[in-house]
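K.L.:
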Amino acid sequence: MNVGKGVIKVVDKFLIVKWLLSHVGVLKELSAIVAQWSEVTTLAEKLEIVYAVAKALLPVIDTFPLFTAQAISEEEGDQIMVTAQAAAGIPIPVLVSVVVPIVSALIQLIRSR
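Residue numbers (my numbering): 781 to 893.
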C-alpha cells in the first residue's frame with residue numbers, strides 16, 4: 781500500500797474512527813452534518829460540509845494521539861467501524877469516504893506544524 785503524503789493508511793483509518801468513538805457526542809454531531817453529503821451537488825455545498833465537520837472537531841482535535849503508533853488488526857478495525865455506525869448512525873461508506881479523509885487532513889495539517 782502506498783503510504784505517501786495524502787494517502788490514508790488502513791491503521792490510520794481505524795485509529796481515527798476509534799478516536800472518534802471516544803467522543804460520541806462529536807461523532808453524533810458529525811452524523812448530522814454528513815447526512816446531507818449525498819444530497820448536495822455543488823462544490824461550494826460540499827466545502828460547507830467539510831468546514832462544518834472541521835468546526836465540530838475543533839474542541840476535541842487536540843486529544844488525538846498524534847504521535848502514538850498503534851497497530852489495529854483488520855478484524856478489530858471492522859468491529860470499530862460497526863460500533864461507530866451503531867453509535868452515530870453514520871453509514872460505514874460515508875464514514876470512510878467523507879469523515880475519515882477530513883479528519884485525516886486536519887491531523888496531517890497539525891502534524892506538519
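Glycine included, every Cβ here is placed at the ideal spot set by N, Cα and C.
Assuming contact is defined by CB atoms lying nearer than 9 Å, are Val804 and Val883 in contact in what I supplied?
P.N.:
Against a cut-off of 9 Å, the Cβ pair of Val883 and Val804 comes out as no contact.
K.L.:
Just verifying my parser: in three-state terms, what is the DSSP assignment at Ser884?
P.N.:
Note: Ser884 maps to helix in three-state DSSP.
K.L.:
Count the other C-beta atoms from every protein chain shown that fall within 10 angstroms of the C-beta of Lys798, then say buried if there are 16 or more, exposed otherwise.
P.N.:
That one is buried.
K.L.:
Do Val876 and Leu800 come within 9 Å of each other at the CB atom, strictly closer than that value?
P.N.:
Not a contact, by the Cβ cut-off of 9 Å.
K.L.:
Look at the alpha carbon of Glu819 and the alpha carbon of Ala868, and state the distance between them as a whole number of angstroms.
P.N.:
Taking the straight line joining both Cα atoms gives about 19 Å.
K.L.:
For Glu828 and Ala885, I'd like the C-alpha separation in whole angstroms.
P.N.:
Rounded to whole angstroms, Glu828 to Ala885 spans 16 Å at the Cα level.
K.L.:
For Gln816, which of helix, strand or coil comes out of DSSP?
P.N.:
Three-state result, Gln816: coil.
K.L.:
According to DSSP, simplified to helix, strand and coil, what is Leu795?
P.N.:
Helix at Leu795.
K.L.:
What residue does the alpha helix (DSSP H) around Asp858 start on, and which one ends it?
P.N.:
Its alpha helix (DSSP H) spans residues 854-868.
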